[in-house]
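Residue numbers (the working numbering): 722 to 1087.
By construction, the Cβ of each residue, glycine as well, lies at the ideal position given by its N, Cα and C atoms.
Keep in mind the model is a prediction, meaning the values are calculated, not measured.
Report on the structure given below.
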C-alpha cells in the first residue's frame, strides 16, 4: 500500500511538472518531491487505514501495566514481610533474622522519607509545593489550549510527520513534565492502588502515552486530550493556596463554576471526537463539527432549549448524548441556581457605601 502511494505521488508530481506546473508553483513541487507523505494524495491514502486503536491501546496498556505492578508489589510485600517467629538466642539463624529485619527497617525509613518529601511537593503547604501546583495547572491549561487549536479543524486523525508538527512537539514537552509529576504523586500516595484509580490518574493515562505513539506512527490523533479540562476543578484549591479565596461562599462558588465548566468542555470534546470519527464499522458517516460548535450544542442541550440547528448523526454520538443528558441536566439544574444564589446574596454589613450628595447616613458602631 505504501509503495502504491509513493508511486502515485511520484506520477502526480511528474504530471504537475510536465504541464507547466498547472497552477502549482515550483516551491510546492519541491516540497512534494522532498516529502511525499505531506502531499494530499498520500494523506488520503494514509487515512484509509485508521490507527486510532494504537493510541487507545497505549493508554489502556499503561493503566493495566501500572495496576499489575502495584498488585504484584502488594503480593510480594505480603509474602515477604510476614512476621517471622522469634528465634532463640542460641539459634544459628538468629543473626540472619536480625540482619533481615534491620534491612527492612532501613528500606522502610527511606521510603517514608521519600513519601514525606513527595507529599510536601504536591500538598501546596510549602512555597515549593505552591509553585509546583500552580505550574502544573498553568501547563494543563496550556495543553488544553493546544487541544483547542488542533480541534479547531474537523479532522480527528491526520497523517503528518511529528518533526513538522509544532503543536505536538510542544504538547510532548508538557506531557514529559506531567509524567514526572505523576510519579511524584505516585510516591506520595498512601494507597497506591487507589491512586491508580483516581480521576486525575486517568487523565494522565489517556493523554501522556498517545503523545509518544504519534512520534512512532508519524500521525496525530486528537484523542482524549480534552480530559485536561478536568484540571479546571483544581482552581478553588489553587486560589486558596494563593489566599485569593478566604470565605466559604467564595470557595463554594468557585467549586460550582469549575465543575460546570469542566464537565461542559469535556463532554464537548467527547461529542467532537465521536461525531468527526464516525461509527467504527462505517467511518464514512462522520459528521463534520468543529469543537466550538459542540460546545454551543451542549450548552443549548443542557439548558433544555434545543434549537435543533446542531444534532448528532452517529450512533455513538447519540448514545453518549442520551446518557450525558441524565448527568448534564442534573448538574445544570443544581449548579446554576446555587451559583445565582451565591452571587446574589451578600453577607450582613458587607459591601461598600456609596456616598450620594444631599443624603445623610448613620454609622452604627459597637
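By alpha-carbon positions, which one of 848, 1012 and 1056 ends up nearest to residue 964? Sequence index remark: in the chain shown, residue 964 carries index 243 (1-based). It is 848 whose Cα lies nearest to the Cα of residue 964.
In the DSSP assignment, the alpha helix (DSSP H) including residue 987 goes from what residue to what residue? The residue labelled residue 987 in the question sits at position 266 within the chain shown. 969–998 is the span of the alpha helix (DSSP H), which, as asked, contains residue 987.
Taking the alpha-carbon positions, what's the residue 864 to residue 1027 distance? Along the chain shown, one-based indexing puts residue 864 at 143. Along the chain shown, one-based indexing puts residue 1027 at 306. Taking the straight line from one Cα to the other gives about 31 Å.
With which residues is residue 941 paired in a DSSP beta bridge? Counting from one through the chain shown, the residue named residue 941 turns up at place 220. Beta-bridge pairing links residue 941 to 879.
Under the assumption that residue 708 contacts residue 867 (Cβ atoms under 8 Å), give the Cβ distance between them as a whole number of angstroms. The structure shown has nothing for residue 708, since the chain only spans 722 to 1087.
Using 8 Å as the cut-off, can you tell me whether the stretch 942–953 makes contact with the stretch 877–890, which would need three or more C-beta pairs spanning the two stretches below that distance? yes
Give the single residue among 1014, 1015, 1013 and 998 whose Cα lies nearest to the Cα of residue 1007. To locate residue 1007, count along the chain shown from 1; it is residue 286. If we check each option's Cα against that of residue 1007, 998 comes out closest.
Helix, strand or coil for residue 912 per DSSP? Your numbering for residue 912 matches position 191 in the chain shown. Note: residue 912 maps to coil in three-state DSSP.
Residues bridged to residue 958 [DSSP beta-bridge criterion]: Indexing the chain shown from 1 puts residue 958 at position 237. In DSSP, residue 958 forms no bridge with anything.
With distances taken from CA atoms, which of 993, 900 and 840 is nearest residue 860? The residue given as residue 860 occupies position 139 in the chain shown. Among 993, 900 and 840, the Cα nearest to that of residue 860 belongs to 900.
Does the distance from the C-beta atom of residue 780 to that of residue 957 stay below 7 Å? Residue numbering aside, residue 780 sits at position 59 when the chain shown is read from its first letter. Residue numbering aside, residue 957 sits at position 236 when the chain shown is read from its first letter. Not in contact: residue 780 and residue 957 (Cβ atoms no closer than 7 Å).
Helix, strand or coil for residue 1089, going by three-state DSSP, please let me know. Because the chain in this structure spans residues 722 to 1087, residue 1089 falls outside the shown range and cannot be described.
Residue environment, residue 801, which counts as buried when at least 16 other CB atoms sit within 10 Å: As a first step, residue 801 must be located in the chain shown, where it is residue number 80. By the neighbour-count rule (16 or more Cβ atoms within 10 Å), residue 801 is not buried but exposed.
Can you tell me where the alpha helix (DSSP H) with residue 797 in it begins and where it stops? On the chain shown, position 76 is the one that residue 797 refers to. 773–801 is the extent of the alpha helix (DSSP H) around residue 797.
Length at least 4, wholly inside the stretch 1003–1085: the alpha helix (DSSP H) runs in chain order: 1012–1023 and 1036–1065
Inspect the CB distances between the stretch 1016–1026 and the stretch 1042–1050 and report whether three or more fall short of 8 Å. yes
Between which two residues does the alpha helix (DSSP H) holding residue 923 run? Position 202 of the chain shown holds residue 923. Residue 923 -> alpha helix (DSSP H) spans 920–926.
Are the beta-carbon atoms belonging to residue 1060 and residue 977 less than 7 Å from one another? For the purposes of this step, residue 1060 is taken as the residue at position 339 of the chain shown. For the purposes of this step, residue 977 is taken as the residue at position 256 of the chain shown. Against a cut-off of 7 Å, the Cβ pair of residue 977 and residue 1060 comes out as a contact.
Report the three-state DSSP secondary structure of residue 964 (helix, strand or coil). Numbered from 1 along the chain shown, position 243 holds the residue referred to as residue 964. Of the three classes helix, strand and coil, the one that applies to residue 964 here is coil, per DSSP.
At the level of alpha carbons, what is the spacing between residue 722 and residue 795? As a working mapping, residue 722 is identified with position 1 in the chain shown. As a working mapping, residue 795 is identified with position 74 in the chain shown. Residue confidence is low: residue 722 scores 42 on pLDDT, short of 50, so the model does not pin down where it sits. No coordinate-derived value is stated.
Quick check on residue 769: does DSSP put it in helix, strand or coil? Here residue 769 is taken as the residue at index 48 of the chain shown, counted from 1. In the structure shown, residue 769 sits in coil (DSSP, three-state: anything other than H, G, I, E or B).
Excluding the five sequence neighbours on either side, which residues of its own chain have a C-beta within less than 7 Å of the C-beta of residue 908, listed in chain order? Looking up residue 908 in the chain shown gives position 187. Result list for residue 908: 835, 836 and 839, in chain order.
Short of 7 Å in beta carbon distance, which residues of its chain neighbour residue 1029, apart from the five on each side in sequence? Order them along the chain. Looking up residue 1029 in the chain shown gives position 308. Once the five neighbours on either side are set aside, residue 1029 has no close Cβ partner at all.
Hey, how far is the Cα of residue 799 from the Cα of residue 841? Translated into positions along the chain shown, residue 799 becomes position 78. Translated into positions along the chain shown, residue 841 becomes position 120. When rounded, the distance between both Cα atoms is 28 Å.
Would you kindly work out how many angstroms separate the C-alpha atoms of residue 774 and residue 846, rounded to a whole number? As a position in the chain shown, residue 774 is number 53, starting the count at 1. As a position in the chain shown, residue 846 is number 125, starting the count at 1. Cα to Cα, residue 774 sits roughly 41 Å from residue 846.
Under 7 Å between C-beta atoms of residue 1035 and residue 1002: As a position in the chain shown, residue 1035 is number 314, starting the count at 1. As a position in the chain shown, residue 1002 is number 281, starting the count at 1. No. Outside cutoff.
Write down the C-beta distance between residue 981 and residue 1056 rounded to the nearest angstrom, noting that I regard them as a contact closer than 8 Å. If you number the chain shown from 1, residue 981 lands on position 260. If you number the chain shown from 1, residue 1056 lands on position 335. Contact flag correct, Cβ pair sits at about 5 Å.
Candidates 937, 1081, 797 and 950, of which the one nearest residue 928 by Cα: Stepping through the chain shown from its first residue, residue 928 is reached at position 207. Considering only alpha carbons, the answer is 950.
Roughly how many angstroms lie between the CA atoms of residue 871 and residue 772, to the nearest whole one? The residue you call residue 871 lines up with position 150 of the chain shown. The residue you call residue 772 lines up with position 51 of the chain shown. Each residue's alpha carbon lies about 18 Å from the other.
So the candidates are 1042, 938, 883 and 769; which of them puts its Cα closest to the Cα of residue 993? The residue given as residue 993 occupies position 272 in the chain shown. Per the Cα distances, 1042.
Select from 1046, 925, 786 and 983 the residue whose C-alpha is nearest the C-alpha of residue 895. In the chain shown, the residue the question calls residue 895 occupies position 174. Comparing Cα-Cα distances from residue 895 to each of 1046, 925, 786 and 983, the minimum goes to 925.
Excluding sequence positions up to five away, which residues of its chain have a Cβ less than 6 Å from the Cβ of residue 784? Position 63 of the chain shown, counting from 1, holds the residue named residue 784. If we look at residue 784 and ignore the five residues flanking it on each side, its Cβ neighbours are 926.
How about residue 857 and residue 902: are their beta carbons less than 7 Å apart? Counted from its first residue, the chain shown places residue 857 at position 136. Counted from its first residue, the chain shown places residue 902 at position 181. Yes, they are a contact pair.
Pick from 979, 970, 1032 and 984 that is closest to residue 948, judged by C-alpha positions: By 1-based counting over the chain shown, the position of residue 948 is 227. The candidate whose alpha carbon is nearest that of residue 948 is 984.
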